[in-house]
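Reviewing the structure listed below.
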Amino acid sequence: METSYVSIFQTANLRQRKVAYSKWHRYQSKCYILRTQMGFEQVNDSRPLVCRGCLNYHGQIYGNTRETRTRLICGFHPYGWLDSSPCPNWEGNEPVNH
Numbered sequence: 173m174e175t176s177y178v179s180i181f182q183t184a185n186l187r188q189r190k191v192a193y194s195k196w197h198r199y200q201s202k203c204y205i206l207r208t209q210m211g212f213e214q215v216n217d218s219r220p221l222v223c224r225g226c227l228n229y230h231g232q233i234y235g236n237t238r239e240t241r242t243r244l245i246c247g248f249h250p251y252g253w254l255d256s257s258p259c260p261n262w263e264g265n266e267p268v269n270h
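Numbering-wise (this note's numbering), the sequence shown opens with residue 173 and increments by one.
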């Protein structure tokens, strides 16, 4: 008796996984079509110009709601380097023209 319940649940789970996969695949196909259309604009780099090429750049967004989200630029300057001079903590392989 117990094996019939297991097979019923396994069948239901398999069907749910197939439905979820088909929805995911359909979404990926739509995204691919959008990316390949002529004139589709690339997303601009949100990294500040001063931080481009820096090894200290973090750029992750923290917060649960849209109102509380904050981007952490780096550990030295959480909101980014705000001065017009080059950042004193910039580290990278090659210098960047600021």
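Virtual Cβ for every residue (Gly too), placed ideally from N, Cα, C. This one's a predicted model, so the numbers in the text were calculated from it and none came from an experiment.
The Cβ neighbour count for Y229, taken over all protein chains shown within 10 Å, is at least 16; the residue is labelled buried. In the three-state scheme derived from DSSP, where H, G and I count as helix and E and B as strand, L221 is classed as helix. In the three-state DSSP reduction, T183 falls in the helix class (H, G or I). According to DSSP, residue pairing for T242 in a beta bridge involves Y234. For S194, the three-state secondary structure derived from DSSP is helix. Taking C-alpha positions only, W196 is separated from L186 by approximately 15 Å. The three-state secondary structure of Q209, taken from DSSP, is coil. When the five nearest sequence neighbours on each side are left out, the beta carbons in the same chain lying within less than 6 Å of the beta carbon of G252 are those of P220 and I245, in order along the chain. Residue state for Y251 is assigned as coil, using DSSP reduced to three classes.
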